Amino acid sequence: MADECRHAAGIKDVTPSALGCEECLQSGSEWVHLRLCRTCGHVGCCDDSPNRHATRHFHATRHPIIEGYDPPEGWGWCYVDEVFLDLGDRTTPQNGPIPRFY
């Protein structure tokens, strides 16, 4: 599933920042899927969501790797190297029930 990623060694165990997309929860927006920043724990919405908050977080912070997070899907994505990563048993557990909009 993965090609080469120069950032894989920097994947951290993080605490999710929210039970859903942080910004969507604040604004009342909906999301399709969630992504978790594996540098700081920011929870943002995917690129199929109207606001694309996970990608916006990457552009603002340059944190390279996200995890598919609702539920933990076992994969990561490096924005910089544009490759998928197999997270294996390094997925992040959810802190509680995640609201659904679909």
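Each residue of the sequence shown is one higher than the last, beginning at 17 in the working numbering. Beta carbons: idealized from backbone N, C-alpha and C, even for Gly. Note that the structure is predicted; figures quoted are calculated from it, not measured.
Mind checking which residues open and close the beta strand (DSSP E) that includes residue i?
i, result
"glutamate 89", "88-94"
For residue i, which residues in the same chain have their Cβ closer than 7 angstroms to its Cβ, ignoring the five residues on either side in sequence?
i, result
"histidine 23", "Pro80, Ile81, Cys94, Val96 and Asp97"
"glycine 57", "Val30, Thr31, Pro32 and Ser33"
"aspartate 86", "His49, Leu50 and Ile114"
For residue i, which residues in the same chain have their Cβ closer than 8 angstroms to its Cβ, ignoring the five residues on either side in sequence?
i, result
"tryptophan 91", "Met17, Glu83, Gly84, Phe100, Leu101, Asp102 and Leu103"
Between residue i and residue j, how many whole angstroms is the CB-CB distance? I'm expecting something under 8 angstroms.
i, j, result
"isoleucine 114", "leucine 52", "With 8 angstroms as the limit, isoleucine 114 and leucine 52 do not qualify as a contact, their Cβ atoms being about 11 angstroms apart."
Please state whether DSSP places residue i in a helix, a strand or coil.
i, result
"glutamate 98", "coil"
"arginine 51", "strand"
"glutamate 46", "coil"
"cysteine 40", "helix"
If you follow the alpha helix (DSSP H) that residue i is in, where does it begin and where does it stop?
i, result
"histidine 73", "69-77"
Between residue i and chain B, is any beta-carbon pair separated by less than 9 angstroms?
i, result
"arginine 78", "Of the protein chains in this structure there is only one, and it is not chain B."
CB of residue i to nearest heavy atom of the ligand ADP: below 8 angstroms?
i, result
"glycine 112", "The ligand ADP is not part of the structure shown, which contains no ligands of any sort."
Within 10 Å of its beta-carbon, does residue i have 16 or more other beta-carbons around it, so buried, or fewer, so exposed?
i, result
"histidine 73", "buried"
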